[in-house]
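Enquirer:
Number of protein chains: 2
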Amino acid sequence: MNAVLIDWGTTNLRAWLVDSEGRIVDRRAEPMGIRQVPGGEFAAAFGRAVGPWRACAPRPVAIMSGMIGSRQGSVEAPYVPCPAGLADVAAGVTAVPGVPDAFILPGLSFAGGGRHDVLRGEEVPIFGALADLPEGSGVMCLPGTHSKWAHLQGGRLREFHTCMTGEVFAALVDHTILGALMPAPVPAGRIDDAASFAAGLERARDPGGLLHHLFSVRTEGLFATQPETGLKSYLSSLLIGHEIFEMQRLYGDMGTIRVIGDAGQAALYDRALTHLGLAHELIDAERAAVAGLLRIRARLAPAT
Amino acid sequence: MNAVLIDWGTTNLRAWLVDSEGRIVDRRAEPMGIRQVPGGEFAAAFGRAVGPWRACAPRPVAIMSGMIGSRQGSVEAPYVPCPAGLADVAAGVTAVPGVPDAFILPGLSFAGGGRHDVLRGEEVPIFGALADLPEGSGVMCLPGTHSKWAHLQGGRLREFHTCMTGEVFAALVDHTILGALMPAPVPAGRIDDAASFAAGLERARDPGGLLHHLFSVRTEGLFATQPETGLKSYLSSLLIGHEIFEMQRLYGDMGTIRVIGDAGQAALYDRALTHLGLAHELIDAERAAVAGLLRIRARLAPAT
């Protein structure tokens, strides 16, 4: 039986139609995140996005993950607390009123040590990539606007940490003097930024902290210790370096870090982890997402 | 003999007319930073700002500090390297072509340990507050868009560190999801944010790093562990806490920290340092600036 899988985030919607063997039959991606849905008409947006697939008989079940299940989305699917496994996620699924055979996954929360953390959507590729971890244990890194570092143990998500690396990078480039120092974009491949990228990572090791290191983007430009065309890479790797060093301090020996991300972001973390000599492996984000959604579907009660 | 002192920064111009005893006779402040000068006509802007004072006979000498001496300003006054004392700053003064008896102070630079740092304008209050330091030695903190931490030794500026705390705060509030969580401004005094301010400082002590801690602004709101009206204070003190802890790690025992800033910013650092139990003293920014400019003027060669 076919299934429709939807990763519906704040700014983007990605959807797959898979067959009974779990093979991707069709896919679509559009900039129709929950913030872009006109008038909050999620049922209509859902119909436009996957209506044709759902017209098959028998009607394929639709499973949605991501911010669609948040307070700002269609139906709030409350967070499931960590530690949590696939069965806990499946048990937290919420049916969408008025839309038959459509379900929204809960996000996951962590509370402990005086802190809270939350994720929505990342649980899908995390559980999808579980088979890549020996005995279901290890550390995964999901780079992005809000990067997630996940610590799995025995097939369950034990704890995770969010780092606002991508969003901070964008705000600094677009809305501080640091961006003003960077030349207008030149075609990729025209910049040899490897040295600047490495320098940003090394800067992140120095004492002084991130708020101080950020000013080095200015002084590296001012004293021409980095070329202007390298400053964006320098800032990017400075932030990624801070993220990685802090997570390393938290998690200790991380074994082989599984990096799950879209090609562009995963490539940056690949470069950084390679430079830092940290064992890692890239996992294709689409493969992990589809595998995760299928695994969760398999756990849903037969009634659904 | 009268003198005109001008602190001409990126976004603001502040000027004082002082008498022969060093007393402030008149003052003005306007949002006419070097970025706001129409067509880069600095001589005209100078005339509008302080022309009436300069009409006195004999014509008072004018001394300017700040970004007016940068590459983007009127005449570039090259950086004087640290360690540097008052005499070095005075020796680096640049005359303004076409404007008689007008001088621009150089900025200061630091190079060492694989890093560069620069300041322009802050050298004036730093040297102005020198008399407040026992034997001219100690640590000063100048909070702002770009906070400066200065280490003085025997009356000379030995080293300093810039932290982009104020600019990062503004970019995060105005251009990330964190700002979207904060309610529209309510009149000061209507928010009892003391607990949130303290919580942000304590968060900065935790492991995980700043990029991770920033996300706690969201989760503290989401789990109602801080009131919405306290989230701005929480973010502010989180950043200030990171700045202070990192500088403490660098400088070790800082003795009594001298905080030099405008009332609003100094008050935030006062609260933070008090909460953290760090000895400190507030120094009025205007008093320090005027004292510094007068001391530098006294060092200028008689020919000037």
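The listed protein sequences derive, respectively, from chains A and B. For the first sequence, the residue numbers in this note's numbering are 44 to 347. For the second sequence, the residue numbers in this note's numbering are 44 to 347. The C-beta atom is built at its ideal place from N, Cα and C for all residues, glycine as well. All of these numbers come straight from a predicted model, not from anything done at the bench.
(1) Mind listing which residues of the region 289-303 of chain B have their C-beta closer than 9 Å to chain A's C-betas, in chain order?
(2) Could you tell me if B:Asp235 is buried or exposed, where buried requires 16 or more neighbouring beta carbons within 10 angstroms of its beta carbon?
(3) Looking only at its chain, what residues have a beta carbon closer than 7 Å to the beta carbon of B:Ala86, apart from the 5 residues adjacent to it on each side?
(4) Where B:Asp69 and B:Arg340 are concerned, what is the direct C-alpha to C-alpha distance, given to the nearest angstrom?
(5) Evaluate A:Thr54 with the Cβ neighbour count: other Cβ atoms within 10 Å of its Cβ, from every protein chain shown; 16 or more gives buried, anything less gives exposed.
(6) List, from N- to C-terminal side, the beta strand (DSSP E) runs of 3 residues or more that fit wholly inside the region 89-147 of chain A.
(7) Please identify, using Cβ separations under 7 Å, the residues of the region 179-194 of chain B that lie next to chain A, in order along the chain.
(8) Please confirm if A:Gly83 has its CB atom under 9 Å from at least one CB of chain B.
(9) List the residues of chain A whose Cβ lies closer than 8 Å to the Cβ of B:Cys125, in chain order.
(10) Suppose you measure from the CA of A:Ala332 to the CA of B:Gln308; what does that come to, to the nearest Å?
(11) Output the distance between the C-alpha atoms of B:Val123 and B:Gly150, rounded to the nearest integer angstrom.
(12) Please classify A:Thr317 as buried or exposed, where buried requires at least 16 neighbouring CB atoms within 10 angstroms.
(13) Measuring straight from C-alpha to C-alpha, what distance separates A:Gly298 and A:Gly109?
(14) Can you tell me where the alpha helix (DSSP H) holding A:Asp265 begins and where it ends?
(15) If A:Asp160 sits next to A:Thr205, beta carbons under 8 Å apart, how far is it from one beta carbon to the other, in whole angstroms?
(16) Under the criterion of a Cβ to heavy atom distance below 8 Å, does B:Pro226 qualify as lining the ligand PLP?
(17) Please report the Cβ distance between B:Ala214 and A:Leu215, rounded to the nearest whole angstrom; I am assuming they are in contact, meaning their Cβ atoms lie under 8 Å.
(18) Report the residue from B:Glu178, B:Asp175, B:Arg201, B:Leu162 whose alpha carbon sits nearest the alpha carbon of B:His189.
(19) For B:Ile49 and A:Glu271, I'd like the C-alpha separation in whole angstroms.
(20) Which residue wins for smallest C-alpha separation from B:Phe212, given the options B:Arg158, B:Leu278, B:Phe266, B:Pro168?
(21) What residue ranges within the region 279-334 of chain B form continuous beta strand (DSSP E) runs of no fewer than 3 residues, ordered along the chain?
(22) Check the C-beta distance from B:Gly295 over to B:Leu244 and give it rounded, since I have them as a contact under 8 Å.
(23) Between the C-alpha atoms of A:Arg381 and B:Cys125, what's the straight-line distance to the nearest angstrom?
(24) If we count the other Cβ atoms within 10 Å of its Cβ and call it buried at 16 or more, is B:Cys99 buried or exposed?
(25) Is the distance from the Cβ of B:Pro81 to the Cβ of B:Met44 below 9 Å?
(26) In this structure, does DSSP put B:Glu245 in helix, strand or coil?
(27) Does the beta carbon of A:Leu282 sit closer than 9 Å to a beta carbon anywhere in chain B?
(28) Please classify B:Glu84 as buried or exposed, where buried requires at least 16 other C-beta atoms within 10 Å of its C-beta.
(29) Is the distance from the Cβ of B:Arg342 to the Cβ of B:Val167 below 9 Å?
(30) Using only alpha-carbon positions, find the residue among A:Gly222, A:Leu129, A:Leu282 that is nearest to A:Gly264.
(31) Can a CB atom of chain B be found closer than 9 Å to the CB of A:Leu316?
(32) Quick one: using the 10 Å Cβ neighbour count with 16 as the cut-off for buried, is A:Leu63 buried or exposed?
(33) Could you check where the beta strand (DSSP E) with A:Leu162 kicks off and where it finishes?
(34) Distance, Cα to Cα, A:Met290 vs A:Gly94?
Expert: Result, derived from the coordinates:
(1) Glu289, Met290, Arg292, Leu293
(2) Within the second sequence, residue 235 of chain B is the residue found at index 192, counting from 1. Classification of B:Asp235: exposed, given that the 10 Å Cβ count is below 16.
(3) Position 43 of the second sequence, counted from the start, is the residue given in the question as residue 86 of chain B. For B:Ala86, where only same-chain residues beyond five positions count, the Cβ hits under 7 Å are Gly141, Val142.
(4) Taking the second sequence and counting its residues from 1, the one referred to as residue 69 of chain B is at position 26. Taking the second sequence and counting its residues from 1, the one referred to as residue 340 of chain B is at position 297. So the alpha carbons of these two residues sit roughly 18 Å apart.
(5) Within the first sequence, residue 54 of chain A is the residue found at index 11, counting from 1. Its Cβ having fewer than 16 others within 10 Å, A:Thr54 is exposed.
(6) 104-108, 145-147
(7) His189
(8) Stepping through the first sequence from its first residue, residue 83 of chain A is reached at position 40. With 9 Å as the cut-off, A:Gly83 does not count as an interface residue toward chain B.
(9) Within the second sequence, numbered from 1, the residue matching residue 125 of chain B stands at position 82. Within 8 Å Cβ-Cβ: nothing; B:Cys125 doesn't reach chain A, min ~13 Å.
(10) Here residue 332 of chain A refers to the residue found at position 289 of the first sequence. Here residue 308 of chain B refers to the residue found at position 265 of the second sequence. Taking the straight line from one Cα to the other gives about 47 Å.
(11) Here residue 123 of chain B refers to the residue found at position 80 of the second sequence. Here residue 150 of chain B refers to the residue found at position 107 of the second sequence. One C-alpha to the other measures close to 6 Å.
(12) Mapped onto the first sequence, residue 317 of chain A falls at position 274. It is exposed - the Cβ of A:Thr317 has fewer than 16 other Cβ atoms within 10 Å.
(13) By one-based count along the first sequence, residue 298 of chain A stands at place 255. By one-based count along the first sequence, residue 109 of chain A stands at place 66. Taking the straight line from one Cα to the other gives about 28 Å.
(14) Position 222 of the first sequence, counting from 1, holds the residue named residue 265 of chain A. The sequence given here places Leu at residue 265 of chain A; Asp does not occur at that position. Its alpha helix (DSSP H) spans residues 253-265.
(15) Counting from one through the first sequence, the residue named residue 160 of chain A turns up at place 117. Counting from one through the first sequence, the residue named residue 205 of chain A turns up at place 162. The pair is a contact, with the Cβ atoms about 5 Å apart (cut-off 8 Å).
(16) Ligands are entirely absent from the displayed structure, and the ligand PLP is therefore not among its contents.
(17) To locate residue 214 of chain B, count along the second sequence from 1; it is residue 171. To locate residue 215 of chain A, count along the first sequence from 1; it is residue 172. About 6 Å separates the two Cβ atoms, so the contact holds.
(18) Working through the second sequence from its first residue, we reach residue 189 of chain B at position 146. Of the candidates B:Glu178, B:Asp175, B:Arg201, B:Leu162, the one whose C-alpha sits nearest the C-alpha of B:His189 is B:Leu162.
(19) To locate residue 49 of chain B, count along the second sequence from 1; it is residue 6. To locate residue 271 of chain A, count along the first sequence from 1; it is residue 228. If you take the alpha carbons of B:Ile49 and A:Glu271, they lie about 32 Å apart.
(20) By one-based count along the second sequence, residue 212 of chain B stands at place 169. The residue with the shortest Cα to Cα distance from B:Phe212 is B:Leu278.
(21) 300-304, 323-327
(22) Taking the second sequence and counting its residues from 1, one reaches residue 295 of chain B at position 252. Taking the second sequence and counting its residues from 1, one reaches residue 244 of chain B at position 201. The pair is not a contact, with the Cβ atoms about 20 Å apart (cut-off 8 Å).
(23) Nothing about residue 381 of chain A can be read from this structure; chain A reaches only from 44 to 347.
(24) One-based indexing of the second sequence puts residue 99 of chain B at position 56. Classification for B:Cys99: exposed.
(25) Counted from its first residue, the second sequence places residue 81 of chain B at position 38. Counted from its first residue, the second sequence places residue 44 of chain B at position 1. It is not a contact, given that the beta carbons lie outside the stated cut-off.
(26) For the purposes of this step, residue 245 of chain B is taken as the residue at position 202 of the second sequence. Correct three-state label for B:Glu245: helix.
(27) The residue labelled residue 282 of chain A in the question sits at position 239 within the first sequence. Interface residue, yes.
(28) Stepping through the second sequence from its first residue, residue 84 of chain B is reached at position 41. Exposed, since its Cβ has fewer than 16 Cβ neighbours within 10 Å.
(29) Indexing the second sequence from 1 puts residue 342 of chain B at position 299. Indexing the second sequence from 1 puts residue 167 of chain B at position 124. Contact flag unset, no.
(30) Counted from its first residue, the first sequence places residue 264 of chain A at position 221. Answer by Cα proximity: A:Gly222.
(31) For the purposes of this step, residue 316 of chain A is taken as residue 273 along the first sequence, with counting starting at 1. Cβ-Cβ to chain B under 9 Å: no for A:Leu316.
(32) Along the first sequence, read from residue 1 onward, the residue named residue 63 of chain A stands at position 20. According to the sequence provided, residue 63 of chain A is Ser. The question's Leu does not apply to it. Flag for A:Ser63 reads exposed.
(33) Mapped onto the first sequence, residue 162 of chain A falls at position 119. 158-162 is the span of the beta strand (DSSP E), which, as asked, contains A:Leu162.
(34) Start at 1 with the first residue of the first sequence, and residue 290 of chain A comes out as number 247. Start at 1 with the first residue of the first sequence, and residue 94 of chain A comes out as number 51. Cα-Cα distance, rounded: 42 Å.
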